[in-house]
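2 protein chains.
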Amino acid sequence: MRIAVVGATGEVGRTMVKVLEEYKVVPSELRLYASRRSAGTTMKFGDREIIVEELTEEAMKKGFDYALFSAGADVSRRFAPIAADHGTIVIDNSSAFRMVDGIPLVVPEVNGHLVDDYRGIIANPNCSTIQMVLSLYTVHREFGLRKIVVSTYQAVSGAGRKAINELQKQMAGSEETSVFPRKIFLNVIPQIGSFEESGFSTEELKMINETRKILDDPAIDVIPTTVRVPVLYGHSEAVYVETRKPFSSYEKLREVMEKAEHVKFVDDLVTPSEVAGSDIVYVSRLRILDESRFVFWNVADNIRVGAATNAVRILKRLLGAKR
Amino acid sequence: MRIAVVGATGEVGRTMVKVLEEYKVVPSELRLYASRRSAGTTMKFGDREIIVEELTEEAMKKGFDYALFSAGADVSRRFAPIAADHGTIVIDNSSAFRMVDGIPLVVPEVNGHLVDDYRGIIANPNCSTIQMVLSLYTVHREFGLRKIVVSTYQAVSGAGRKAINELQKQMAGSEETSVFPRKIFLNVIPQIGSFEESGFSTEELKMINETRKILDDPAIDVIPTTVRVPVLYGHSEAVYVETRKPFSSYEKLREVMEKAEHVKFVDDLVTPSEVAGSDIVYVSRLRILDESRFVFWNVADNIRVGAATNAVRILKRLLGAKR
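So the sequences go chain by chain: A and B.
Quick note on numbering: the numbering used here labels position 157 of the first sequence as 157, and the sequence is numbered without any gaps.
Quick note on numbering: the numbering used here labels position 280 of the second sequence as 1280, and the sequence is numbered without any gaps.
Structural data, given as structure tokens:
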């Protein structure tokens, strides 16, 4: 098995390599690609020391079995189709192909079956969407989701290493802002991505469109406000839900939510600093309003659950299907 | 005019004294009260140097014209009735009397008329409630509020000076937590107050009950999630609203929202660190979903708009009514 990781030196790329190792994916060949600037550095994978190579079109023609991409939408748009054309199954963490018809947008626990006989590019959803969908897909199956109002509290790591550096410099006294539109230290910023004509941000539109695509239901009404907070790792979401069919009672609702894979219920509360490094979505503060409306708080490691681990779980599903 | 400020050395108390001066309230006598621990310190009011006195029952029997209380619910419960019994109009910032029948709960721009011929205790609402109600009362008058789903991003100063110190110590490396249930630095905590049987926190119940009381409409469905964030001053709220009557268009809705007093519309976005020291509620990121549903982001200085300035505005209303 030959695997390439593209964007290997970034926040998500590094974690992909780590999670591959943790999840005992043992490729005969593992190649790591990055921009020219990062090429030449060394990364560890188990006992192996791997030198990061510059990403080139030639490299993407090597016919890897799998390539995990996390180097931004522009890089994916240029290089992922080349890899796919050369027989590589691409798991792409960027937004480039997520809403393209025919490209599966996959959270394995929810719609992993889509990749079972699939070759080509597979899209890894947006981080905020993954953790929300993971905590709600069993509710959707059982009762149907009618409406979701969600406010996010998103960690700076979601904007990459540069963003973490910007917060850390501000913590040390810097007033400089370049990644974020305002100072993020001791502040919160209700803008992730850019604003579209409708007033929604690109991040908010991802939550709307990707939730519908993953749950395969265009009628779900998703109303997000996405907000950056001065947290390093771990996205949180305050989620209000209306269901189509009544769930009857708190106990019944909770029973259905607890069926979700890789989701853990906590009775009091969970905060993002507690979940860094975990592959679980933590649900807490479940409150019901009546038989078809409830509110809860969910928290997950955005780099792992929201990106790297989801990609590796897709890969594991592909591998499992072949055995 | 003789005025007392009770809890004068706290975050809100100090700001009350400052706002009294800024708003040109010139009492012939201004007495400042605090706990025994803080008594003896000196505070400035214009040219005057005022020595803070220990709060006693005797002091509250002096028959001040007005007393502004901000020393917590227990202190208010014990001392405010004594002051009121001795002819003082009390403006109380604590939660002690807010939901008591017959006690007006006042945001002057919204229901200031309630205090015009009133003597006794007047309650100042919860900070999160004030800024939400200020940005929505004209919408309620014009179209009727059916449902509000609100997620808050609340500054640590809302929990007082001790809370600010706790965050600042954590910024300097401390792992200690005593005010907050978790570390607040580089974290967010979905708990303000304590959790009640229903799963809602006391802060969330305040937003539900106080919004209904201030807007004089028990049918408004308020669904809050209140969250502490590592911000010093300035609460933010992501607010989803359903109206009873359609507002027809973005322009019409915006026109109605812009009629609200002390509310300012901003086209792109506003963050809490920009509003510290201001007496305005800033509304931004207005997005409409259809003719009767919209979302927006509001930000205000929680110590001023959410507490001290509202109290002084109540006092100004009382003074205006007498002239």
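Even glycine gets a Cβ: it sits at the ideal position worked out from N, Cα and C.
Just so we're clear, the structure is a prediction, and the values are computed from it rather than from any experiment.
| said: Between L1286 of chain B and chain A, is any beta-carbon pair separated by less than 8 Å? | reply: It does; some Cβ of chain A falls within 8 Å.
| Who are the Cβ neighbours of L1068 of chain B in its own chain at under 6 Å, not counting the five residues just before and after it? | V1005, M1016, I1091, A1311
| query | Thinking C-alpha only, which one of B:T1056, B:A1172, B:L1286 is nearest T225 of chain A? | reply | B:L1286
| query | Does I189 of chain A get closer than 8 Å to chain B when you measure Cβ to Cβ? | reply | yes
| task | Compare the Cα-Cα distances from T42 of chain A to each of A:I51, A:A34, A:S35 and report the closest residue. | result | It is A:I51.
| message | Would L1114 of chain B and P1125 of chain B be called neighbours here (beta carbons separated by less than 8 Å)? | response | No; because the gap between Cβ atoms is not below 8 Å, this pair is not in contact.
| task | Please list the residues of the region 271-301 of chain A that have a C-beta atom closer than 7 Å to any C-beta atom in chain B, keeping them in chain order. | result | When C-beta distances to chain B are compared with 7 Å, the residues of the region 271-301 of chain A below that value are T271, P272, S273, R285, L286, R287, L289, V295, W297, in chain order.
| query | What three-state label does DSSP hand R1161 of chain B in the structure shown? | reply | In the three-state scheme derived from DSSP, where H, G and I count as helix and E and B as strand, R1161 of chain B is classed as helix.
| Do the region 129-138 of chain A and the region 298-312 of chain A make contact, defined as three or more Cβ pairs closer than 8 Å? | yes
| task | Report buried or exposed for P1190 of chain B, applying the criterion of at least 16 other Cβ atoms within 10 angstroms of its Cβ. | result | buried
| Where DSSP assigns a beta bridge to D1221 of chain B, which residues make up the other side? | B:K1147
| said: I need the DSSP call for L20 of chain A, collapsed to helix, strand or coil. | reply: Collapsing the DSSP output to three states places L20 of chain A in a helix.
| said: What does the alpha-carbon distance come out to for the pair V275 of chain A and V229 of chain A? | reply: 16 Å
| request: Can you tell me which of the three DSSP states R1002 of chain B falls into? | output: strand
| said: Using a Cβ-Cβ cutoff of less than 8 Å, which residues in the same chain neighbour S1014 of chain B once the five nearest sequence positions on both sides are dropped? | reply: It should be noted that the sequence gives Arg, not Ser, for residue 1014 of chain B. Answer for R1014 of chain B: A1008, M1043, listed in chain order.
| What residues from the region 169-201 of chain A come within 8 Å of chain B, judged by C-beta to C-beta, listed N to C? | Those would be M171, P181, R182, K183, L186, N187, V188, I189, P190, Q191, F195, S198, G199, F200, in chain order.
| request: May I ask you to verify whether the region 1173-1186 of chain B touches the region 1095-1110 of chain B, counting CB pairs closer than 8 Å and requiring at least 3? | output: no
| said: Are the CB atoms of A238 of chain A and S151 of chain A within a distance shorter than 8 Å? | reply: yes
| message | Cβ closer than 9 Å: which chain B residues qualify as neighbours of S236 of chain A? | response | For S236 of chain A, the chain B residues whose C-beta falls within less than 9 Å of its own C-beta are V1188, P1190, V1227, listed in chain order.
| task | Please classify Y250 of chain A: is it buried, with 16 or more other beta-carbons within 10 angstroms of its beta-carbon, or exposed? | result | exposed
| task | Use the C-beta contact count for Q1168 of chain B: other C-beta atoms within 10 angstroms, 16 or more gives buried, fewer gives exposed. | result | Q1168 of chain B counts as exposed, since fewer than 16 other beta carbons sit within 10 angstroms of its beta carbon.
| task | Give me the Cα-Cα distance between I1314 of chain B and R1182 of chain B, rounded to the nearest whole angstrom. | result | 36 Å
| field | Where V1283 of chain B falls: helix, strand or coil (DSSP) | value | Correct three-state label for V1283 of chain B: strand.
| query | Which residue from A:S174, A:C127, A:T211, A:L215 puts its Cα closest to that of E142 of chain A? | reply | A:L215
| message | Please list, in chain order, the chain A residues whose beta carbon lies closer than 9 Å to that of R1256 of chain B. | response | Going by the sequence as given, residue 1256 of chain B is Val instead of Arg. Simply none; closest approach about 17 Å.
| said: Can you pull the chain B neighbours of L332 of chain A, defined as C-beta to C-beta under 9 Å? | reply: This structure cannot settle anything about residue 332 of chain A, because the visible part of chain A is limited to 1 through 323.
| query | Quick one: is R1323 of chain B buried, meaning 16 or more other Cβ sit within 10 Å of its Cβ, or exposed? | reply | With a pLDDT of only 38 at R1323 of chain B, under the threshold of 50, the placement of this residue in the model should not be trusted; the figure read from the coordinates follows. Answer is exposed; the Cβ neighbour count stays below 16.
| Alpha carbon of V1263 of chain B to alpha carbon of S1278 of chain B, nearest angstrom | 11 Å
| request: Identify which residue in B:R1037, B:F1045, B:L1030 has its Cα closest to the Cα of A1059 of chain B. | output: B:L1030
| query | Taking 8 Å as the CB-CB cut-off, is P1125 of chain B touching chain A? | reply | P1125 of chain B does not count as touching chain A.
| Residues of chain A with a CB under 8 Å from the CB of P1246 of chain B: which are they? | The contacting residues do not exist; P1246 of chain B stays about 17 Å from chain A at best.
| field | Proximity winner among A:E261, A:I122, A:G10, relative to G160 of chain A (alpha-carbon distances) | value | A:G10
| request: Can you grab the Cα-Cα spacing for the pair A163 of chain A / R1119 of chain B, in whole Å? | output: 55 Å
| Out of curiosity, what's the CA-to-CA distance linking M171 of chain A and V156 of chain A? | Approximately 13 Å, taken between the alpha carbons.
| Would you say L232 of chain A faces chain B, with C-beta separation under 8 Å as the test? | yes
| task | For E1021 of chain B, collect the residues of the same chain with a Cβ closer than 8 Å to its Cβ; drop the 5 residues on either side in sequence, then sort them by chain order. | result | F1045, G1046
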